[in-house]
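Participant:
2 protein chains.
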Amino acid sequence: MERIKCIVAYDGNGFAGYQAQPKERTVQGVIEQVLERMHCQPIRVHASGRTDATVHAVGQVLHFDTTVEMTADRWKYALNAQLPEDIWIVSVEKADSSFHARYDAVKKEYRYKVWNSKEKNIFGRHYHYHYPYAVSVEAMREAASYLVGTHDFTAFCSAKSDKEDKVRTIYEINILQKNEEIIFEFVGNGFLYNMVRIMMGTLLDVGQGRQKPVEVLGILEKKDRSLARKTAPGHGLYLWEVTYPSHRKDN
Amino acid sequence: MERIKCIVAYDGNGFAGYQAQPKERTVQGVIEQVLERMHCQPIRVHASGRTDATVHAVGQVLHFDTTVEMTADRWKYALNAQLPEDIWIVSVEKADSSFHARYDAVKKEYRYKVWNSKEKNIFGRHYHYHYPYAVSVEAMREAASYLVGTHDFTAFCSAKSDKEDKVRTIYEINILQKNEEIIFEFVGNGFLYNMVRIMMGTLLDVGQGRQKPVEVLGILEKKDRSLARKTAPGHGLYLWEVTYPSHRKDN
Chain A
1 MERIKCIVAY DGNGFAGYQA QPKERTVQGV IEQVLERMHC QPIRVHASGR TDATVHAVGQ
61 VLHFDTTVEM TADRWKYALN AQLPEDIWIV SVEKADSSFH ARYDAVKKEY RYKVWNSKEK
121 NIFGRHYHYH YPYAVSVEAM REAASYLVGT HDFTAFCSAK SDKEDKVRTI YEINILQKNE
181 EIIFEFVGNG FLYNMVRIMM GTLLDVGQGR QKPVEVLGIL EKKDRSLARK TAPGHGLYLW
241 EVTYPSHRKD N
Chain B
1 MERIKCIVAY DGNGFAGYQA QPKERTVQGV IEQVLERMHC QPIRVHASGR TDATVHAVGQ
61 VLHFDTTVEM TADRWKYALN AQLPEDIWIV SVEKADSSFH ARYDAVKKEY RYKVWNSKEK
121 NIFGRHYHYH YPYAVSVEAM REAASYLVGT HDFTAFCSAK SDKEDKVRTI YEINILQKNE
181 EIIFEFVGNG FLYNMVRIMM GTLLDVGQGR QKPVEVLGIL EKKDRSLARK TAPGHGLYLW
241 EVTYPSHRKD N
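In structure tokens:
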């Protein structure tokens with residue numbers, strides 16, 4: 001029995017999210033279907049975490065156990081040959097039998113892409129959030145600086161979250177502007193349900209001048225979800241990278 | 001009665017091409033439907049030329065006549081408010097009553113986008129042609145140099161073309177490589193049916209080393225469609241810009 005670790009990219013638009021659900025097309029469901037075909041029995045896949053409907057991944061990480069003997073390169077080829085056009089296995093490596101994609105993750109990066117122009121970019125419409133209002137990147141950077149650090153993020157978490165502990169650490173938030181595109185990078189030890197999208201809603205509100213940057217501090221302190229602004233749409237969000245302590249096994 | 005000239009962008013993936021056809025979703029059909037609603041009568045739209053199913057436009061040009069009185073800015077707003085998410089009116093201006101989007105066009109630019117990597121880019125899969133084989137850009141540039149100029153392009157034209165005169169002038173072909181992306185720019189006085197996509201098939205064949213660059217000369221001279229390679233897919237192709245002699249009327 002070998003444990004296989006994969007880095008996976010997917011286009012979230014065609015999926016009802018990562019997690020398997022009956023009667024819905026999900027990333028987990030599609031991958032497990034391919035593995036079941038290869039193994040003639042169900043194979044359970046474990047990911048670093050769920051992503052919602054329409055949310056993309058560039059570097060989702062997952063693992064599964066197999067008795068099929070193949071090199072890592074061959075695994076990558078075999079999986080990509082059978083997966084549909086909106087999932088792509090970026091890399092495969094053989095992992096230690098104690099490796100766990102979810103429990104071992106020590107750092108995650110999400111990115112959020114905004115198209116900030118009155119003009120639509122129709123070719124990117126499924127891959128960024130079109131926000132037509134003028135925004136101040138400086139104001140958003142100031143607001144973001146208050147979110148960095150270790151905080152109770154209750155105010156920035158969906159009420160649907162089942163996590164008891166809402167304390168997380170954000171290591172950095174970078175906001176990069178390239179012409180009409182604004183890319184937000186969030187790096188932290190973990191993120192609550194909808195947390196990046198709720199922070200995005202608030203940052204854009206600040207950028208547009210509807211809240212002052214410093215008001216973010218009050219929202220954090222009051223721990224009241226109703227104070228943070230609306231959740232930004234899923235199709236602008238990318239699970240970009242998941243980091244683990246280095247304990248890989250060579251092929 | 002005023003003549004309105006529009007620059008229009010569209011994502012070709014959702015259309016059975018530009019030209020109106022019964023029972024098919026076409027760019028012309030969708031735009032004429034919006035205009036009919038605004039005018040309470042059918043309005044005919046004239047474009048610089050057709051584009052095929054899945055072919056995109058960044059700068060298609062069309063004109064129509066109207067009795068509705070609005071500023072150019074207001075026209076842009078009104079049309080975009082009613083058009084679906086895969087068509088975008090980039091600009092509107094009022095044109096001289098003698099202006100004709102098709103007959104007055106003096107220059108056209110098409111671009112073709114290739115993703116040249118063994119790794120798929122799933123987010124761009126509807127917007128470039130994924131060509132996984134190693135290619136020589138230098139060889140393609142040499143082959144392209146033989147296509148530039150005034151030639152009979154019979155060998156690079158679909159047999160379905162109904163044009164008698166197959167002589168066209170290509171002013172320039174530029175090939176730009178940015179990491180995995182290769183962009184081909186074709187500028188000419190006009191292009192025959194499938195001409196850019198057939199040239200692309202041949203250029204990629206040369207790039208991969210299956211034909212010598214100089215063989216393109218022989219294909220041109222023999223005027224035999226069967227010698228040029230297969231037609232590259234439509235979803236990598238963009239009608240980029242159409243140029244007219246300057247005779248615009250101010251709003």
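From first to last, the protein sequence lines are chains A and B. First residue of the first sequence: 1, per the numbering used here; consecutive thereafter. First residue of the second sequence: 1, per the numbering used here; consecutive thereafter. All C-beta atoms, glycine included, are put in the ideal place defined by N, C-alpha and C.
Three or more beta-carbon pairs under 8 Å between the region 101 to 120 of chain A and the region 128 to 137 of chain A, yes or no?
Facilitator: Flag = yes, the region 101 to 120 of chain A and the region 128 to 137 of chain A touch.
Participant: Please confirm whether W254 of chain A has its beta-carbon closer than 8 Å to some beta-carbon of chain B.
Facilitator: As displayed, chain A neither begins before 1 nor continues past 251, which places residue 254 of chain A out of reach and without an answer.
Participant: For chain B, check one thing: does any of its Cβ atoms lie closer than 8 Å to the Cβ of A78 of chain A?
Facilitator: Answer no: the Cβ-Cβ gap between A78 of chain A and chain B never drops below 8 Å.
Participant: Please specify which runs of the beta strand (DSSP E), each continuous and at least 3 residues long, are wholly inside the region 129 to 162 of chain A, giving them in chain order.
Facilitator: If we require 3 residues or more, the beta strand (DSSP E) runs fully inside the region 129 to 162 of chain A come out as 149 to 152.
Participant: Would you say R225 of chain A and D205 of chain A are within 8 Å of each other, going by their C-beta atoms?
Facilitator: The answer is no: Cβ separation not under 8 Å.
Participant: Counting contacts by CB-CB distance shorter than 8 Å, is K118 of chain A in contact with chain B?
Facilitator: By this cut-off, K118 of chain A is not an interface position.
Participant: Evaluate V106 of chain B with the Cβ neighbour count: other Cβ atoms within 10 Å of its Cβ, from every protein chain shown; 16 or more gives buried, anything less gives exposed.
Facilitator: Per the 10 Å Cβ criterion, exposed.
Participant: Kindly list the residues whose CB is nearer than 6 Å to the CB of T243 of chain A, restricted to its own chain and excluding five residues on each side of it in sequence; keep chain order.
Facilitator: So the qualifying residues of the chain are V106 and K107.
Participant: Do D73 of chain B and E2 of chain B have their beta-carbon atoms positioned less than 8 Å apart in this structure?
Facilitator: Result no, Cβ atoms of E2 of chain B and D73 of chain B do not sit closer than 8 Å.
Participant: Going by C-alpha to C-alpha distance, which of A:E172, A:S48 and A:Q33 sits closest to Q41 of chain A?
Facilitator: It is A:Q33 whose Cα lies nearest to the Cα of Q41 of chain A.
Participant: So does the region 186 to 198 of chain B actually touch the region 168 to 175 of chain B, counting three or more Cβ pairs closer than 8 Å?
Facilitator: Yes, they touch.
Participant: As a quick exercise: from A:L35, A:D165 and A:D52, pick the residue whose alpha carbon is nearest that of H235 of chain A.
Facilitator: Cα-wise, what sits closest to H235 of chain A is A:D52.
Participant: Using DSSP's beta-bridge definition, name the partner residues of S91 of chain B.
Facilitator: Partner(s): B:I7.
Participant: Please report the residue range of the alpha helix (DSSP H) in which Y77 of chain A lies.
Facilitator: Taken as a continuous stretch (DSSP letters only), the alpha helix (DSSP H) holding Y77 of chain A covers A72 to Q82.
Participant: So, does the CB of F123 of chain B fall closer than 8 Å to a CB anywhere in chain A?
Facilitator: Chain A, which has a Cβ nearer than 8 Å to the Cβ of F123 of chain B, makes this yes.
Participant: For E180 of chain A, collect the residues of the same chain with a Cβ closer than 8 Å to its Cβ; drop the 5 residues on either side in sequence, then sort them by chain order.
Facilitator: Within the same chain, E180 of chain A has close Cβ partners W115, N116, S117, E119 and N121.
Participant: Starting from the beta carbon of E109 of chain B, find every residue of chain A whose beta carbon is closer than 9 Å, and list them in chain order.
Facilitator: Result: empty, since nearest Cβ-Cβ is about 17 Å, beyond 9 Å.
Participant: Can you grab the Cα-Cα spacing for the pair E69 of chain A / G201 of chain B, in whole Å?
Facilitator: If I take the Cα positions, the gap works out to 39 Å.
Participant: Helix, strand or coil for N251 of chain A, going by three-state DSSP, please let me know.
Facilitator: Residue placement at N251 of chain A is flagged as unreliable, the pLDDT there being 44, under the threshold of 50; the coordinate-derived value follows with that caveat. It is coil, neither helix nor strand.
Participant: If we count the other Cβ atoms within 10 Å of its Cβ and call it buried at 16 or more, is V92 of chain A buried or exposed?
Facilitator: V92 of chain A is buried by the Cβ-count criterion.
Participant: Would you be able to state if there are at least three C-beta pairs under 8 Å between the region 74 to 93 of chain A and the region 137 to 152 of chain A?
Facilitator: The region 137 to 152 of chain A, when compared against the region 74 to 93 of chain A, does not touch it at the 8 Å Cβ threshold.
Participant: Is any beta-carbon of chain B found at less than 8 Å from that of D152 of chain A?
Facilitator: Cβ-Cβ to chain B under 8 Å: no for D152 of chain A.
Participant: Excluding sequence positions up to five away, which residues of its chain have a Cβ less than 7 Å from the Cβ of D250 of chain B?
Facilitator: With a pLDDT of only 48 at D250 of chain B, under 50, the local geometry of the prediction cannot be trusted, and the value read off the model is given with reservation. The answer is none, since no qualifying residue turns up.
Participant: Taking 8 Å as the CB-CB limit, is Y129 of chain B close to chain A?
Facilitator: No, no contact with chain A.
Participant: Taking the alpha-carbon positions, what's the D162 of chain A to Y193 of chain A distance?
Facilitator: Those two C-alpha atoms are separated by around 9 Å.
Participant: Using a Cβ cut-off of 8 Å (strictly closer), state whether Y10 of chain B contacts chain A.
Facilitator: For Y10 of chain B, the answer is yes, since a Cβ of chain A falls inside 8 Å of its Cβ.
Participant: By DSSP, does Q28 of chain A sit in helix, in strand, or in coil?
Facilitator: The answer is helix: DSSP assigns Q28 of chain A an H, G or I state.
Participant: Using a Cβ-Cβ cut-off of 6 Å (strictly less than) and excluding sequence neighbours within five positions of V58 of chain A, which residues of its own chain qualify?
Facilitator: Hits under 6 Å: A9, Y238 and W240.
Participant: Confirm, please, whether the CB-CB distance from A20 of chain B to G12 of chain B is below 8 Å.
Facilitator: The answer is no: Cβ separation not under 8 Å.
Participant: Could you name the residues of the region 80 to 93 of chain B whose beta carbon sits closer than 9 Å to any beta carbon of chain A, in the order they occur along the chain?
Facilitator: Under the 9 Å Cβ criterion, the region 80 to 93 of chain B contributes N80, E85, D86, I87, W88 and V90.
Participant: Which residues mark the beginning and the end of the beta strand (DSSP E) in which L227 of chain A is found?
Facilitator: Taken as a continuous stretch (DSSP letters only), L227 of chain A belongs to no beta strand (DSSP E), as it is neither H nor E.
Participant: Quick check on the burial criterion: 16 or more other C-beta atoms within 10 angstroms. Buried or exposed for Y103 of chain A?
Facilitator: With fewer than 16 other Cβ atoms within 10 Å, it is exposed.
Participant: Give the straight-line distance between the Cα atoms of E215 of chain A and Y146 of chain A, rounded to the nearest whole angstrom.
Facilitator: Near 9 Å, if we compare the C-alpha coordinates of Y146 of chain A and E215 of chain A.
Participant: Quick one: give me the first and last residue of the beta strand (DSSP E) that I183 of chain B is part of.
Facilitator: That run of the beta strand (DSSP E) goes E181 to G188.
Participant: In this structure, what does DSSP give as the bridge partners for V216 of chain A?
Facilitator: Paired residue(s): none; V216 of chain A is not in a bridge.
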